[in-house]
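Quick note: the sequence shown, position 310, residue 310 per the working numbering, numbers continuous.
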Amino acid sequence: MITREQIHELAQFEDEGACALSFYFQPPAPRNKAHKEEAILTKDLAREALRQLESRSSQAKSKNKSKDKCESARADLDRIVRLSQELRGNGAHAKAVFACSAQGFWREYDLPAHLSGTQLLVDRRFHLKPLAQLLGSFPSLGIVLVDRHRARLFDLRLGELTEREGFFHPLTRRGRGDGFAGYDGGHAERRVADEARQHFKFVADFLKDALDKGMFEHWILGCQDTHWPPFAGQLHPYASQKLLGRFTAEVAHMSRDEIRSQAERIFAASQERRCGEAVRETLSQARSGARGVTGLRRVLRSLESGEVQTLLVGQSYHSQAVECAGCGHLDAHLVSFCPVCGRETREVVDVAEAILPRVIRHDIELFYVKDDAEFDKVGNIAALLRFRSEQNNNSSSNVRPITQAPPNPSRSRRDGLVGRYRGLASG
Ligand SMILES: [Zn+2]
């Protein structure tokens, strides 16, 4: 399981020698015995990465230094090729490796096998887009199954369903309703109803506490339709707000696969809805010159001034930019010298990748927008702002480097769970 701290560590990592290596391994489908091909593919990718490094280092000024760099990257690549051969038969998981032996850095993580493919990249920073997309598709979700005297709590994180707590509040024997009429019968029924209410309240309190502690950020409910109104009556408003949806369930007789697939279906629908709403709201705010901006230039400026609440990027958006080697300023104009600090800039091939470390560091909600004509018209990149700073209306001479931008205060920092990244979504 990859934690929030680990993702932040990856987002912060940088290697001046451009030897930060990112390897994503997507296992072949179980039916398809193509493992050998996967291993060969990794070997080919490693060879290509090394060739690029060598051609880069032959252009470098300091030959000896870049030769050392090349050697250290070669060691990492060899280790990754060996690892990919060992991944044989481990069809259930995908794997990500982030390495830079020049700095003694090596991290391996198991991921759900839902990557778009096997990839190997070597650059100044780690390649985080596949991770960002995955975390959006697999947020940390609580799933609660409840009836009048039982409850089960599951936790769905990165595609893995784990049962957390089980509550069983047995009803009293008489309460089961032996059916005798009269005063005693009525009394017993009331007691049963009261016990059920107590039980629902207990579960609702537990749920609020779990949300407060950051055990998960959203939750999904499975119950019989008849139990929904009395349970809903006990929910704290905050917990109601975090409920993404409900499915019909029998607490004792539902398989884990059924629970997972129901939860994933509800989550995907809610995420699509949320992404659509964010696009509409951002575009409307941008049109009225309020809390929305569109286009790379304005989005970069808003990121640097710490105004961005939600970032929207087209699924296959690609654009160049330059980055200042000194202060980290990103500029959509391909200028040779940084307008903030005057130092030399360097080219950034994919600006959507270059902004990810900043997005992660500042806890900005991110959606990858798929096939949206209106969004396409405004340039496939936009941001919803928490506020609009003065400098946004003025010239770009006021820009501050991103490293000085304040953290996003709209999100409290809780413990280190991936669930914080439920906003990183594939839309
Ligand atoms: Zn600069």
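C-beta atoms are modelled at their ideal positions from N, C-alpha and C, and glycine is treated no differently.
- For ligand 1, no non-hydrogen atom lies closer than 7 Å to the CB of residue 346.
- With a minimum length of 4 residues, the unbroken runs of alpha helix (DSSP H) contained wholly in the region 348-385 fall at 351-354, 356-361 and 373-377.
- Here the alpha carbon of residue 58 sits roughly 54 Å from the alpha carbon of residue 211.
- Here residue 221 is not near residue 97, since their CB atoms are 8 Å or more apart.
- Contact between residue 295 and residue 369 does not hold, since their C-beta atoms are separated by about 14 Å, which reaches or exceeds 8 Å.
- Sixteen is the threshold: when 16 or more other Cβ atoms of the shown chains lie within 10 Å of the Cβ of residue 282, as they do, the residue is buried.
- Shown here for residue 290: same chain residues with a beta carbon closer than 8 Å to its own, the five before and five after excluded, namely 388 in chain order.
- Shown here, residue 264 sits in a helix according to DSSP, grouped into three states.
- With at least 16 other beta carbons inside 10 angstroms of its own, residue 310 counts as buried.
- With a cut-off of 7 Å, the C-beta of residue 343 is classified as near ligand 1, since at least one heavy atom of the ligand falls inside that distance.
- The C-beta distance from residue 261 to residue 244 rounds to 15 Å, too long to fall under 8 Å, and the pair is not in contact.
- Residue range 4-12 is occupied by the alpha helix (DSSP H) that includes residue 7.
- Per DSSP, residue 323 is one residue of the beta strand (DSSP E) stretching across 321-324.
- Scanning its chain for C-beta atoms nearer than 7 Å, with the 5 sequence neighbours on each side dropped, one finds around residue 19 the residues 69, 72, 73, 100, 102 and 122, in chain order.
- In the displayed model, residue 120 falls within a strand according to three-state DSSP.
- Counting along the chain, residue 241 sits inside the alpha helix (DSSP H) bounded by residues 237-241.
- In this structure, ligand 1 has no non-hydrogen atom nearer than 7 Å to the beta-carbon of residue 322.
- The beta-carbon separation of residue 231 and residue 142, rounded to 15 Å, does not stay under the 8 Å limit for a contact.
- Ligand 1 has a heavy atom closer than 7 Å to the beta-carbon of residue 329.
- Within the same chain, Cβ atoms closer than 7 Å to the Cβ of residue 384 are found at 278, 281, 282, 285, 291, 292, 309 and 310, the five residues on either side in sequence being excluded.
- The Cβ neighbour count for residue 341, taken over all protein chains shown within 10 Å, is under 16; the residue is labelled exposed.
- Under the three-state reduction of DSSP output, residue 387 falls in the coil class, being neither helix nor strand.
- For residue 92, the closest of 320, 380 and 26 by C-alpha to C-alpha distance is 26.
- When only Cα atoms are considered, residue 40 and residue 377 end up about 41 Å apart.
- Here residue 254 has 145 and 222 as same chain residues with Cβ atoms under 8 Å from its own Cβ, once five neighbours each way along the sequence are excluded.
- A contact is defined here as three or more CB-CB pairs under 8 Å, and the region 358-373 meets this definition with respect to the region 6-24.
- Taking all protein chains shown into account, residue 166 has fewer than 16 neighbouring C-beta atoms within 10 Å of its C-beta and is therefore exposed.
- For residue 351, the shortest C-beta to heavy atom distance toward ligand 1 is 7 Å or greater.
- In the DSSP assignment, residue 108 falls within the unbroken beta strand (DSSP E) covering 105-112.
- By the C-beta density criterion, residue 157 is buried, having at least 16 other C-beta atoms within 10 angstroms.
- The beta carbon of residue 346 lies closer than 7 Å to those of 322, 323 and 325 in the same chain, with the five residues before and after it left out.
- The beta carbon of residue 374 sits closer than 8 Å to those of 279 and 283, all from its chain and outside the five residues before and after it, given in chain order.
- With contacts defined by Cβ atoms closer than 8 Å, residue 115 and residue 130 form a contacting pair.
- Comparing alpha-carbon positions, the option among 329, 275 and 276 lying closest to residue 299 turns out to be 329.
- Between residue 77 and residue 95, the beta carbon gap of about 15 Å keeps them out of contact (Cβ cut-off 8 Å).
- The beta-bridge partner set that DSSP reports for residue 142 consists of 155 and 219.
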